[in-house]
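Notes for the one structure printed next.
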Amino acid sequence: MTNQFNEPGLAKGTIRSRLLAARRAYAPELRAAWAATACEVLVGQMSGADVVAAYASFGTEPDTGPLLAELRGRGIRVLLPILENDMDLSWGRYSGPDSLVRRIPPGGSAPGPIPEPAESLGLDAVLSASWIVVPALAVSPAGIRMGRGGGSYDRVLTRIEASPRGARPRVAALLYPGELGVDIPVEPHDRAVDMAVAGESVRHWDESPGGVLSR
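In terms of the numbering used here, the sequence shown opens at residue 1248 and continues consecutively.
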């Protein structure tokens, strides 16, 4: 099936703009239904996990609230990111919505839209996780993630890639249907994911270039 966002020669900025516009155009109840399904599928892929790094969604991103609640309900320790002054991400423990604060982001004058843990456990705390769930606007047929362009998660994924292979967290992207298989212009700093979930569809990238559609 041809992806609606694929058009030869499009710049990254144009692809991002189209993806964001599509997200805004979806009815809120449709976004909520897709996100709930994706979170349910994602948790089902995390058998045996004891620590999961995730994120607090905002705006039109797939809602991670159900995911965070389900992980905690299963006794899984959850880590969420904290944006540092250099745009890198440290990590803190999530103990429910009341454990989060809104900080003034680097270069800002008012608290940002994304709640964060009150206390940082450091940049390398993410390496204790079995899985890290990352935000993404799209994932390419080869598993390359497209984010919003800030580079924070590219740093995190580079840190993960540099860790011992056997102890590496697996990386999952959470998407809406239609955001899988987007032809993304790849730059040297772009990083790949191990799995992407969009609604009830799952695609894995392990040793199989181009991914294996699991559902």
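Yeah, the Cβ is synthetic: ideal placement off N, Cα and C, and Gly gets one too. As the structure is a prediction and not an experimental result, all values here were calculated from the model.
{"Asked": "8 Å Cβ cutoff met for LEU1347 and TRP1338", "Found": "no"}
{"Asked": "Inter-residue Cα distance where the pair is LEU1266 and TYR1273", "Found": "11 Å"}
{"Asked": "Alpha carbon of ASP1401 to alpha carbon of LEU1336, nearest angstrom", "Found": "10 Å"}
{"Asked": "C-alpha gap between SER1367 and SER1410, whole angstroms", "Found": "20 Å"}
{"Asked": "3-residue-minimum beta strand (DSSP E) runs that sit fully inside the region 1277-1339, ordered along the chain", "Found": "1298-1300, 1324-1330"}
{"Asked": "Buried versus exposed, by CB contacts within 10 Å (16 or more), VAL1433", "Found": "exposed"}
{"Asked": "Given 8 Å, three or more beta-carbon pairs between the region 1368-1388 and the region 1302-1320", "Found": "yes"}
{"Asked": "Other residues of its chain near GLU1363: CB distance less than 8 Å, five sequence neighbours each side excluded", "Found": "ALA1303, LEU1327, PRO1328, ILE1329, LEU1330, GLY1339, LEU1347, VAL1348, ARG1349, ARG1350"}
{"Asked": "Closest by C-alpha distance to ALA1372, when choosing among GLY1359, LEU1404, GLY1355", "Found": "LEU1404"}
{"Asked": "Short Cβ contact (8 Å threshold) for ARG1392 with ALA1419", "Found": "no"}
{"Asked": "Under 8 Å between C-beta atoms of THR1463 and GLY1446", "Found": "Examination of residue 1463 is not possible in this model, given that the chain is present from 1248 through 1462 alone."}
{"Asked": "Inter-residue spacing [alpha-carbon to alpha-carbon] between ALA1414 and HIS1436", "Found": "22 Å"}
{"Asked": "Proximity below 8 Å, CB of ARG1263 to CB of THR1307", "Found": "no"}
{"Asked": "Check whether ALA1439 and GLY1390 have beta carbons under 8 Å apart", "Found": "yes"}
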